[in-house]
């Protein structure tokens, strides 16, 4: 056995050394709100999706986007969600409007499942929309239809 060295013996009372840190952390923790936690609702919805036979990629997207929504907004329970939470989440993303639209559709689908499960009283998210610029396709002119060089059939000569 090794010899005790007086320089390594602690004689001070260190029982409260981490008490201040613990109290600071306790003060920062927000009291849980009453209602169904979003994480619990997500687990239930994911289980329903798995039973329904949805693709694993779809289920993973639900989980990823809903958890990102919770992380950004700080929402804890289903009942506290508002339109402001959705707009806060959308404004936090630095992606194209098309990507925002895709993610919003995923969140809306999750919220709709929560609504149909009876966890929400209104479907407030239906009024949230994102405009995406889509290119306008030009229609074919009559000359395009009759021009044999374009490779289209001339339908005027067909017999019934």
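In our numbering, the protein residues as written are 91 to 250.
We put the beta carbon where it would ideally sit given N, CA and C, even for glycine.
Exercise. Thinking residue 131 and residue 168 are a contact (beta carbons under 8 Å), I'd like their distance in whole angstroms, please.
Key: The sequence position of residue 131 within the chain shown is 41, counting from 1. The sequence position of residue 168 within the chain shown is 78, counting from 1. Contact holds; Cβ gap of about 5 Å.
Quiz item: Three or more C-beta pairs closer than 8 Å, one from the region 137 to 148 and one from the region 172 to 188: is that the case here?
Solution: No contact exists between the region 137 to 148 and the region 172 to 188.
Quiz item: Going by other Cβ atoms of all chains shown within 10 Å of its Cβ, with 16 needed for buried, is residue 152 buried or exposed?
Solution: The sequence position of residue 152 within the chain shown is 62, counting from 1. Residue 152 is buried by the Cβ-count criterion.
Self-check item: residue 135 vs residue 196 beta-carbon contact at 8 Å
Solution: Counting from one through the chain shown, the residue named residue 135 turns up at place 45. Counting from one through the chain shown, the residue named residue 196 turns up at place 106. Here residue 135 is not near residue 196, since their CB atoms are 8 Å or more apart.
Quiz item: Could you check where the alpha helix (DSSP H) with residue 160 kicks off and where it finishes?
Solution: On the chain shown, position 70 is the one that residue 160 refers to. According to the DSSP assignment, residue 160 belongs to the alpha helix (DSSP H) that extends over 146 to 163.
Quiz item: Do residue 163 and residue 179 come within 8 Å of each other at the CB atom, strictly closer than that value?
Solution: Within the chain shown, the letter at position 89 stands for residue 179. Within the chain shown, the letter at position 73 stands for residue 163. Yes, the Cβ-Cβ distance between residue 179 and residue 163 is below 8 Å.
Quiz item: Taking C-beta to C-beta, are residue 176 and residue 209 nearer than 8 Å?
Solution: Residue 176 sits at position 86 when you count from the first residue of the chain shown. Residue 209 sits at position 119 when you count from the first residue of the chain shown. Cβ distance not < 8 Å, so residue 176 and residue 209 don't count as in contact.
Exercise. May I have the straight-line CA-CA distance separating residue 125 from residue 230, to the nearest angstrom?
Key: Taking the chain shown and counting its residues from 1, one reaches residue 125 at position 35. Taking the chain shown and counting its residues from 1, one reaches residue 230 at position 140. Rounded to whole angstroms, residue 125 to residue 230 spans 57 Å at the Cα level.
Quiz item: residue 232 to residue 226, Cα distance in whole Å?
Solution: As a first step, residue 232 is located in the chain shown; it is residue number 142 there, counting from the start. As a first step, residue 226 is located in the chain shown; it is residue number 136 there, counting from the start. Spanning the two alpha carbons is a distance of roughly 19 Å.
Quiz item: Thinking C-beta only, is residue 217 closer than 8 Å to residue 160?
Solution: Taking the chain shown and counting its residues from 1, the one referred to as residue 160 is at position 70. Taking the chain shown and counting its residues from 1, the one referred to as residue 217 is at position 127. Result no, Cβ atoms of residue 160 and residue 217 do not sit closer than 8 Å.
Exercise. Measure the C-alpha to C-alpha separation of residue 198 and residue 138 and round it to an integer number of angstroms.
Key: Numbered from its first residue, the chain shown carries residue 198 at position 108. Numbered from its first residue, the chain shown carries residue 138 at position 48. So the alpha carbons of these two residues sit roughly 16 Å apart.
Quiz item: Residues in its own chain within less than 8 Å of residue 82 by CB, not counting five upstream and five downstream?
Solution: Nothing about residue 82 can be read from this structure; the chain reaches only from 91 to 250.
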